[in-house]
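A.B. asks: Just dropping this structure here.
Numbering (our numbering), first residue to last: 494 to 793.
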């Protein structure tokens with residue numbers, strides 16, 4: 494914990510001088526130095542009345558991304574954040590708590606995927622993919638959720654691939670993932686089970702599909718539903734909306750150049766959810782695709 498802003502800035506390197514602004518609004522986008530994340534920051538800089546933070550694990554890449562947006566006449570700020578490093582998460586959370594008194598918009602965009610042609614062992618792909626897309630994102634949510642201000646918006650960037658993976662799971666797993674009473678601990682256990690079963694080659698027999706990215710997004714979407722239910726119970730009067738979304742198939746380093754959507758087009762749905770008017774009380778705990786909602790399932 495840091496007692497002064499000067500002490501914070503020794504750790505939290507920013508490209509803009511930041512003055513204490515406890516009453517100012519702030520938006521944070523993880524994994525936003527390129528691709529969809531960068532496009533989300535661009536759109537928020539244009540539409541959100543507050544400070545918008547581009548975050549990245551690599552300082553140089555983050556600063557370069559800020560320069561790109563600055564050259565477009567925008568004014569993003571930068572915060573170093575590696576969701577795979579819990580100490581980085583806690584430091585960033587402390588910065589936003591002490592500087593802004595919390596966070597108004599949190600967009601969890603950071604994620605990875607192996608290429609189809611990648612020859613890395615499936616078990617390693619499973620462990621690495623779920624480490625970032627599920628477990629690290631969960632860590633970020635664990636530390637940032639208490640910081641979400643009244644009327645805040647939380648958006649978890651998931652994927653329709655998660656819905657496909659779910660439909661290929663065993664009936665037992667499908668029932669649990671879709672259950673209204675699945676707990677966070679149970680979900681974590683299921684994700685750990687998938688990773689462990691891939692190490693022995695028993696994942697298919699156990700009821701899992703051959704889809705590491707898809708399973709990771711099944712987990713993230715389900716986690717979104719669990720956290721939304723918890724918010725509704727624990728902070729019923731704060732009007733916080735938490736949803737997951739699918740940006741679509743977007744041309745990025747991760748998805749390839751054959752995708753039909755540009756990053757700016759892919760940012761439309763996440764930004765739509767992030768900027769839902771304060772007076773709205775729904776959607777909550779939904780999965781959004783093209784501004785249409787479902788309870789944990791993508792509408793095709």
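In this text, a Cβ means the ideal position worked out from N, Cα and C, and glycines have one as well.
Going straight from the alpha carbon of residue 527 to that of residue 558, what length do you get?
C.D. replies: Numbered from 1 along the chain shown, position 34 holds the residue referred to as residue 527. Numbered from 1 along the chain shown, position 65 holds the residue referred to as residue 558. C-alpha separation (whole angstroms): 7 Å.
A.B. asks: Which residue wins for smallest C-alpha separation from residue 767, given the options 578, 593, 573, 650?
C.D. replies: On the chain shown, residue 767 is found 274 positions in, with the first residue counted as 1. Answer by Cα proximity: 650.
A.B. asks: Check residue 517 in the structure and name its three-state DSSP category.
C.D. replies: On the chain shown, position 24 is the one that residue 517 refers to. Coil.
A.B. asks: For residue 738, which of helix, strand or coil comes out of DSSP?
C.D. replies: Counted from its first residue, the chain shown places residue 738 at position 245. Here residue 738 sits in strand by DSSP.
A.B. asks: Excluding sequence positions up to five away, which residues of its chain have a Cβ less than 6 Å from the Cβ of residue 773?
C.D. replies: Taking the chain shown and counting its residues from 1, one reaches residue 773 at position 280. Closer than 6 Å at the Cβ level, and outside the excluded window around residue 773, lies no residue.
A.B. asks: Are residue 704 and residue 627 closer than 7 Å when you measure CB to CB?
C.D. replies: As a first step, residue 704 is located in the chain shown; it is residue number 211 there, counting from the start. As a first step, residue 627 is located in the chain shown; it is residue number 134 there, counting from the start. No, they are not a contact pair.
A.B. asks: Can you pull the DSSP bridge partners for residue 732?
C.D. replies: Taking the first residue of the chain shown as 1, we reach residue 732 at position 239. In the DSSP output, where bridge partners are listed per residue, residue 732 has none listed.
A.B. asks: Rounded C-beta distance between residue 659 and residue 670? I'm assuming under 8 Å.
C.D. replies: Reading the chain shown from its first residue, position 166 is the one you call residue 659. Reading the chain shown from its first residue, position 177 is the one you call residue 670. Right, the Cβ-Cβ distance comes to about 6 Å (below 8 Å), so this counts as a contact.
A.B. asks: Tell me the DSSP secondary structure of residue 546 in three-state form.
C.D. replies: As a position in the chain shown, residue 546 is number 53, starting the count at 1. If DSSP states are grouped into helix, strand and coil, residue 546 belongs with the strands.
A.B. asks: Please specify which runs of the alpha helix (DSSP H), each continuous and at least 4 residues long, are wholly inside the segment 595-625, giving them in chain order.
C.D. replies: For the segment 595-625, whole alpha helix (DSSP H) runs of length 4 or above, ordered along the chain, are 615-623.
A.B. asks: What are the boundary residues of the beta strand (DSSP E) that includes residue 570?
C.D. replies: Start at 1 with the first residue of the chain shown, and residue 570 comes out as number 77. Note, residue 570: beta strand (DSSP E), 570-573.
A.B. asks: Mind checking whether residue 544 and residue 560 have CB atoms under 7 Å apart?
C.D. replies: Within the chain shown, the letter at position 51 stands for residue 544. Within the chain shown, the letter at position 67 stands for residue 560. Result no, Cβ atoms of residue 544 and residue 560 do not sit closer than 7 Å.
A.B. asks: Sort 740, 637, 612 by Cα distance to residue 655 and report the nearest one.
C.D. replies: Translated into the one-based positions of the chain shown, residue 655 becomes position 162. Here the closest residue by C-alpha is 740.
A.B. asks: If you draw a straight line from the alpha carbon of residue 706 to that of residue 775, how long is it in whole angstroms?
C.D. replies: In the chain shown, counting from the first residue as 1, residue 706 sits at position 213. In the chain shown, counting from the first residue as 1, residue 775 sits at position 282. Using only the alpha carbons, I get a separation of about 28 Å.
A.B. asks: Assuming the contact rule is C-beta atoms closer than 8 Å, residue 574 and residue 592 should be a hit. Round their C-beta distance to whole Å, please.
C.D. replies: As a working note, residue 574 is residue 81 in the chain shown. As a working note, residue 592 is residue 99 in the chain shown. That belief does not hold up - the Cβ atoms of residue 574 and residue 592 are roughly 14 Å apart, past 8 Å.
A.B. asks: Measure the Cβ-Cβ separation of residue 633 and residue 598 and say whether it is below 7 Å.
C.D. replies: Translated into the one-based positions of the chain shown, residue 633 becomes position 140. Translated into the one-based positions of the chain shown, residue 598 becomes position 105. Against a cut-off of 7 Å, the Cβ pair of residue 598 and residue 633 comes out as no contact.
A.B. asks: Distance, Cα to Cα, residue 686 vs residue 712?
C.D. replies: Stepping through the chain shown from its first residue, residue 686 is reached at position 193. Stepping through the chain shown from its first residue, residue 712 is reached at position 219. Cα to Cα, the separation comes out at about 12 Å.
A.B. asks: Should residue 625 and residue 641 be called a contact, given that it needs their Cβ atoms to be closer than 7 Å?
C.D. replies: Here residue 625 corresponds to residue number 132 of the chain shown, with the count starting at 1. Here residue 641 corresponds to residue number 148 of the chain shown, with the count starting at 1. No, these two residues do not count as a Cβ contact at 7 Å.
A.B. asks: Over what stretch of residues does the beta strand (DSSP E) that includes residue 780 continue unbroken?
C.D. replies: Taking the first residue of the chain shown as position 1, residue 780 is located at position 287. Where residue 780 is concerned, the enclosing beta strand (DSSP E) stretches over 780-782.
A.B. asks: For residue 650, which beta-bridge partners are listed by DSSP?
C.D. replies: One-based indexing of the chain shown puts residue 650 at position 157. Looking at the DSSP assignment, residue 650 forms a beta bridge with 738.
A.B. asks: By the 10 Å Cβ neighbour count, where 16 or more other Cβ atoms means buried, how is residue 780 classified, buried or exposed?
C.D. replies: As a position in the chain shown, residue 780 is number 287, starting the count at 1. Classification of residue 780: buried, given that the 10 Å Cβ count is 16 or more.
A.B. asks: Could you have a look at residue 576 and say whether DSSP puts it in helix, strand or coil?
C.D. replies: Counting from one through the chain shown, the residue named residue 576 turns up at place 83. The answer is coil: DSSP assigns residue 576 none of H, G, I, E or B.
A.B. asks: Quick check on the DSSP output: the alpha helix (DSSP H) that includes residue 776 runs from which residue to which?
C.D. replies: As a working note, residue 776 is residue 283 in the chain shown. Note, residue 776: premise wrong, no alpha helix (DSSP H); not H, not E.
A.B. asks: Taking the alpha helix (DSSP H) that residue 665 belongs to, which residues open and close that run?
C.D. replies: As a first step, residue 665 must be located in the chain shown, where it is residue number 172. Unbroken alpha helix (DSSP H) run through residue 665: 664-671.
A.B. asks: When DSSP builds the beta bridges, which residues end up paired with residue 641?
C.D. replies: For the purposes of this step, residue 641 is identified with residue 148 of the chain shown, where counting begins at 1. Note: residue 641 sits in a beta bridge opposite 596.
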